[in-house]
Structure formats: C-alpha cells, structure tokens
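Below is one structure, written out as structure tokens, with a few remarks after it.
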Amino acid sequence: MALNRQLRTLFCTTTLLKVILALTVVVLSSLASLTFASETNKKQDLYQILGVSRTATTREIKQAYRRKALDTHPDKNKDLPPEDAAEAFRQVVHAFEILSDDASRKLYDRTGSADLTQQAQQRQQAQWTNQGTQWTFRWSSGSWHHQQRPKLKDRFDVKEAQSRILHIVSLEQLETVIVNEDDETLERNLVICFCPVPLEKHVMDEMVYPWPFAAMSLQGIWWEDLLQTTMVRFHRSNDLTKFFGIPPGDQMDEPIFIFGKRGNKFDDPETWSRRLQTRNREVFDPWMWRQLQVEIEFVNEHDHPVEVFWINDRRGTAKMTIPPGHSQTHTTMLAHEWWVRDARTDARPDSPGRYNLLDTTILKKWKIVSDKKYRYKIPLRKCFDLSGHCAYWQLTKQCEQNPNFMAEVCPLSCNLCESDYRQDDDEEEEGTTQQPKETNQSSDNQEEQANSDKDEL
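The structure is reproduced here in structure tokens:
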C-alpha cells in the first residue's frame, strides 16, 4: 500500500512537472517573439516606412500613408505570405499613427523610438493580452491535452481588418486624418469606437471590430476609400471624449460608436449625431450598414426588359426586372455590387438553367462607391450572349456544329460580333433626375440574402 501511494505521488508529480514545463516553453516563446518585435520597431525609421522626409508636412504624411496603404495590401503582394503582407501594412499604420499626431511625432523625433510613446506601449500590451490560442487541460490516465478552439477573431480576414484601425490619441490628430483642409469637411465616412481600456479585449475579440468594414470587401472594394475606421482608447476623459460628449471611461460598461458622413462639417454637432452604444456585434453590424445606405436609380435604355442582380461575394440575387424605357429606385449600401442582364437570358424552354451569370451575358455592372444619389444607365447593347452556358458550348465546338442556334444565343462567345461593352461608359449622374415612366421603391437588406433565390456566378 505504501509503495502504491509513493508511485501515485511520483506519477502525479512527474505529470505536473510536464505541464509546468510546457507552459514555460509557451511563455518564453511568446516573450521572445514580443522582444524581437519590440527591437524591430526600435530600429525602423517611421519616416522611411512612409517614404517621406523628416520635414514632411502633415498633408504629405497623409498622402504618403494612403499610397503605402494601397501598395502594402496583400492582394498586391501575392508573392509574399499573407501574414508578411499584413505585417508590412501594420507597420505603415503604426508609422502613420505616430507621425500624424503632433505630440507623438515630437516625442519620436526626440527619442528615435516609437515604442516610447504611450500609444505604442498600449498596442503592444493589447497584442500580448489578445493572443488567439486557448489552453485547456483535461486529465485522462495521467496525460494532458492541448486543444485549440477556432474563433472568429482568429480568422485572417478579421485580423487584417483590425490591422486597418487607426488609433487616435488627440483631437488634432483626428482632424489631420479625416478633414479636408479646403472646406473643413470630412474627406471620407468615419466611424469612431470610443473604448475604455477594460472593454478593449471584448471589442476586439468578441465584436471583432471593425470587421467586415475594413480592408478589402468581398466585392474587391477598398474600404479605406469609403470609410475610415478608428479607435479611441481611454481611461477617464481627454480632449476627444470632451469634444464628442463621451462620459468618463470608468462610467461606461459598453463602447460607444460614432459615425460621421463624408462631406459634413467637422465642427457641426449634427455631423456626429449618429451614435450607438452596445457591446453586441449583432447590433453593431446592422447599425453600420444603415449608416452606409445610399439611394440609387437604374434607368433601362436597353430595348428589352432587364434583370438587376445584387452581387454578394460570388453569388447573385435577382432584385428587380425593369421594362425598356422605365426606371426603378433602390436603397442599397456602399461597397455593394450590381449586375444587369437581358431578361431573355436562358429563358428558352430548352435552357439548361438560369443560374449562370457570366461577363458575356452582362449588359452593365457597377460597384457602389458613392454615397450620393446617382442614376445608373443601362445602355442599349447589341453584342452579348443570351445564355450563361455559352462558354461551355463554345469549348465543345457548338459554334461550328450548331451555327444557327449559337448565332442566335451565343454571338459574343462565337466571335460573331464585336463586344460593345464599355467599362468607361459608366454614367453616374448626381442630383435630381427626370420623372421616370414607372418608379418602384425597393430596399436591400444584408440578411435577406439567406432567404432569396440566388444565381451563381
């Protein structure tokens, strides 16, 4: 009995030592990575990262940041691993955060180390506390197991979106980032997250702010051209919280989000009236989409009825059919995409199906990148396919074997006409339009896609 107790004690002690050793390795590895990143930041010149001189003006720094933001996007650096391309952009963001704030820039110029700024220290601490791996231990026959449970916050597209956040530390810096110096209006739409430090982990890990409203959209639209996502981290109050009427951090149990619309005056209190206080991502996302709503009008100048499709990722949802000479208005959102095809496409009784949307069948397509009301003219087209299956038929030599049918249905794929699609013919007319012959109002909703009939591209 005594021998058995000693063996059990020895076994438990050995197992516990294994657990402690494993945890020690993880901690030391993380510390080594953090130290390496810190040393790397100290050695990098922020002016060189942005490609500007040390005497550069704030305007020059802003322009350089936008150029570098595009140059370092992972889609433009496909020869690099995605993580390396994302890290390159994070360096650009960090450099801009420091150099766009006068106080942080002076401190950097004096010390030569970006890590000495409070902002950099806070971001490094956030990176340390927000590690994605969760460690769980379960005892079974004296062994322990490590399990990694994937979460939304660990996805690459979420991390990339979060790397686009600009961390704002002063009112002066915010004006530098977003205000047009010529007329004192907002250059782009802006969302600010006022986040007390104790709530930051929840905002980043559970709300995954600002995803999906940063980096590249599903439709290949660069969000930063439309919307700047920012965050203000604070404990009690500062000039930013006072300007926007935000209560002290120790009195908040939920972050506050404020949206400013492009073209509005920075100093106008009405500009900042759109605000939301929540810690729930299911509440924040629909609110953000509502802020990005824009009314558009499709005008059919084609000689047949047309079908208009809302494109989300690689799937299309039919939203409306417009007769020739008529128009229809619709409430959509920024970063959405629309394709239009002739309503006769694959409408023959012997058609294999109407589910293919191809470039050869499309009369016109647009990506919504303007937040003003515009008319989108659907032009009269003569050379296009009337089936989404023409590409397959062309590959199987149907142009030669069934020339009459293919001439009627697939003239473009069979090279029987010259394409009259012109991307630069996009006409987006701002302001009041002529009274249409028939106008129907319809509205778009992010959630309705799950319950709609979809056509696959």
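Here the sequence shown is numbered in the working numbering, starting from 1032 and rising by one per residue. C-beta: ideal position from N, C-alpha, C; glycine also.
Where residue i falls, given that 16 or more other Cβ within 10 Å makes a residue buried
i, result
"alanine 1378", "exposed"
"aspartate 1373", "buried"
"glycine 1462", "With a pLDDT of only 45 at glycine 1462, under the threshold of 50, the placement of this residue in the model should not be trusted, and no figure is reported."
"arginine 1085", "exposed"
"leucine 1183", "exposed"
"serine 1473", "Low confidence applies here, because serine 1473 scores a pLDDT of 44, under 50, leaving its location unreliable and the question unanswered by this model."
"lysine 1428", "exposed"
"cysteine 1448", "exposed"
"proline 1442", "buried"
"aspartate 1344", "exposed"
"lysine 1395", "buried"
"aspartate 1499", "The question about residue 1499 has no answer here: the residues shown for the chain are numbered 1032 through 1488."
"leucine 1388", "buried"
"alanine 1438", "exposed"
"glycine 1173", "Any reading at glycine 1173 is ruled out, since the residue's pLDDT is 45, under 50, leaving its predicted position unreliable."
"glutamine 1149", "A caution first: glutamine 1149 carries a pLDDT of 49, below 50, which makes its placement in the model unreliable, though a value can still be read off. Exposed, by the Cβ-count rule."
"threonine 1088", "exposed"
"leucine 1257", "buried"
"phenylalanine 1067", "Annotation note: pLDDT 41 at phenylalanine 1067 (below 50); position unreliable, no value reported."
"lysine 1093", "buried"
"glycine 1143", "exposed"
"aspartate 1132", "buried"
Closest Cα partner of residue i within the set the options
i, options, result
"proline 1229", "Ser1248, Ala1192, Leu1221, Arg1267", "Arg1267"
"valine 1210", "Ile1129, Arg1293, Ser1201", "Arg1293"
"arginine 1219", "Cys1414, Phe1415, Asp1402", "Asp1402"
"glutamate 1368", "Lys1296, Leu1249, Lys1404, Asp1284", "Leu1249"
"leucine 1307", "Gln1322, Pro1300, Asn1295", "Gln1322"
"asparagine 1295", "Glu1212, Glu1091, Tyr1407, Gly1143", "Glu1212"
"threonine 1302", "Arg1141, Tyr1096, Leu1197, Leu1221", "Leu1221"
"glutamate 1255", "Ala1119, Val1124, Phe1415", "Val1124"
"phenylalanine 1187", "Glu1118, Arg1141, Glu1215, Cys1226", "Glu1118"
"isoleucine 1564", "Gly1347, Leu1271, Ile1409, Thr1352", "As displayed, the chain neither begins before 1032 nor continues past 1488, which places residue 1564 out of reach and without an answer."
"glutamate 1191", "Leu1257, Leu1217, Trp1253", "Trp1253"
"glutamate 1091", "Asp1140, Val1208, Cys1414", "Val1208"
"glutamate 1215", "Phe1297, Gly1384, Phe1415", "Phe1297"
"glutamine 1451", "Thr1352, Leu1426, Phe1415", "It should be noted that the sequence gives aspartate, not glutamine, for residue 1451. Nearest C-alpha to aspartate 1451: Phe1415."
"aspartate 1316", "Ala1246, Gln1094, Pro1241", "Pro1241"
"threonine 1490", "Lys1404, Thr1352, Pro1380, Gly1356", "Because the chain spans 1032 through 1488 in this model, residue 1490 falls outside it and cannot be assessed."
"glycine 1419", "Pro1300, Gly1384, Leu1138, Cys1430", "Gly1384"
"histidine 1233", "Leu1257, Arg1312, Phe1274", "Arg1312"
"glutamate 1231", "Gly1251, His1198, Gly1347", "His1198"
"aspartate 1140", "Asp1185, Phe1436, Met1247, Gln1075", "Gln1075"
"proline 1366", "Arg1098, Met1247, Glu1237", "It should be noted that the sequence gives alanine, not proline, for residue 1366. With distances taken between Cα atoms, alanine 1366 lies closest to Met1247."
"aspartate 1185", "Glu1203, Met1235, Leu1138", "Met1235"
Contact under 7 Å by Cβ, residue i with residue j
i, j, result
"valine 1325", "serine 1358", "no"
"tryptophan 1370", "isoleucine 1399", "no"
"serine 1444", "threonine 1391", "yes"
"valine 1239", "valine 1314", "no"
"arginine 1121", "serine 1194", "yes"
"leucine 1417", "arginine 1375", "yes"
"methionine 1364", "phenylalanine 1244", "no"
"leucine 1130", "leucine 1077", "yes"
"threonine 1309", "glutamate 1285", "yes"
"methionine 1262", "isoleucine 1342", "no"
"lysine 1350", "valine 1339", "yes"
"glutamate 1332", "leucine 1411", "yes"
"arginine 1264", "cysteine 1226", "yes"
"tyrosine 1386", "tryptophan 1397", "no"
"alanine 1134", "leucine 1081", "no"
"leucine 1217", "glycine 1280", "no"
"alanine 1095", "valine 1083", "yes"
N- and C-terminal bounds of the alpha helix (DSSP H) containing residue i
i, result
"glutamate 1431", "1429-1432"
"aspartate 1381", "Taken as a continuous stretch (DSSP letters only), aspartate 1381 belongs to no alpha helix (DSSP H), as it is neither H nor E."
"isoleucine 1080", "1077-1081"
"leucine 1183", "Segment: none, leucine 1183 is in no alpha helix (DSSP H) and carries neither H nor E."
"tyrosine 1494", "Any answer about residue 1494 is impossible in this case: the structure gives the chain only from 1032 up to 1488."
N- and C-terminal bounds of the beta strand (DSSP E) containing residue i
i, result
"lysine 1350", "1346-1353"
"phenylalanine 1290", "1287-1291"
"methionine 1364", "1358-1364"
"tyrosine 1405", "1405-1409"
"leucine 1443", "Per DSSP, leucine 1443 belongs to no beta strand (DSSP E) and is neither H nor E."
"arginine 1136", "Element bounds for arginine 1136: not the beta strand (DSSP E) but the alpha helix (DSSP H), 1133-1142."
"asparagine 1394", "According to the sequence provided, residue 1394 is leucine. The question's asparagine does not apply to it. Segment 1393-1398, the beta strand (DSSP E) holding leucine 1394."
"glutamate 1368", "1368-1373"
Could you give the uninterrupted runs of the alpha helix (DSSP H) lying entirely in the segment 1195-1270, keeping only those of 4 residues or more? Counting whole runs of 4 or more residues, the segment 1195-1270 contains the alpha helix (DSSP H) stretches 1202-1209, 1231-1236.
List, from N- to C-terminal side, the beta strand (DSSP E) runs of 3 residues or more that fit wholly inside the segment 1287-1348. List check, beta strand (DSSP E) in window: 1287-1291, 1305-1308, 1324-1331, 1337-1343.
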